[in-house]
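To keep things clear, I will list the structure first and then write my remarks on it.
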Amino acid sequence: VDYRLISSAEFAEQEPASFDVVTCMELLEHVPDPVAVVTDCSNLVKPGGWLFFATLNRTLTAFVQAIVAAEHLLQLLPRGTHDYAKLIRPSELAQWCRSAGLEVVRIRGLGYNPITHEASLRQNCSVNYLLAAKKPLD
Numbered sequence: 003v004d005y006r007l008i009s010s011a012e013f014a015e016q017e018p019a020s021f022d023v024v025t026c027m028e029l030l031e032h033v034p035d036p037v038a039v040v041t042d043c044s045n046l047v048k049p050g051g052w053l054f055f056a057t058l059n060r061t062l063t064a065f066v067q068a069i070v071a072a073e074h075l076l077q078l079l080p081r082g083t084h085d086y087a088k089l090i091r092p093s094e095l096a097q098w099c100r101s102a103g104l105e106v107v108r109i110r111g112l113g114y115n116p117i118t119h120e121a122s123l124r125q126n127c128s129v130n131y132l133l134a135a136k137k138p139l140d
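Under our numbering, the first residue of the sequence shown carries the number 3, and numbering increases by one thereafter.
This is the structure in structure tokens:
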């Protein structure tokens, strides 16, 4: 593994269209310009390649479960980890992907049970969700 401490923009400039798969998991809701990061990820993937994003939806349910419960009540995460205003609706992420030249293939909810520590895919995207996108062939 080659770790690099560099911005997504610098990395995309150094390694354009270099990867078959790019993942961006639980990151977008923490950066100042998530649209730019999506574009950078698109620039990193080869034509025909896949991109996978995971983030939190901006809903009341997500606020209650991810911020109030996970950060304040259960203390699974440090307080202040998430800022509700920076959470991202699936429709917003899908639009950013399309604007970056990607085809949105699937969006699925991701559930987590803090008691059993099990995660599962689900139809409900009200809290966490995954988005799969593909870069069209040239």
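A virtual CB, placed ideally from N, CA and C, is assigned to each residue, including glycine.
I117 sits exposed, since fewer than 16 C-beta atoms from the chains shown fall within 10 Å of its C-beta. The straight-line gap separating the alpha-carbon atoms of T83 and E73 is approximately 7 Å. With fewer than 16 other Cβ atoms inside 10 Å of its own Cβ, D22 counts as exposed. Where P36 is concerned, the enclosing alpha helix (DSSP H) starts and stops at 36 to 46.
As the crow flies, the alpha-carbon of Y114 is around 19 Å from that of A134.
In this structure, DSSP gives C127 a state outside helix and strand, which the three-state scheme calls coil. Residue environment for T25: exposed (fewer than 16 other C-beta atoms within 10 angstroms of its C-beta). The beta carbons of L112 and Y131 sit closer together than 8 Å. Of the candidates E94, F65, P92, the residue whose Cα lies closest to the Cα of R81 is F65. For the 8 Å CB-CB criterion, T57 and E28 form a contact. Note: T118 is not bridge-paired with any residue in the DSSP secondary-structure output. Under the Cβ criterion (8 Å, minimum of three pairs), the region 91 to 102 counts as touching the region 39 to 57.
Under the three-state reduction of DSSP output, P18 falls in the coil class, being neither helix nor strand.
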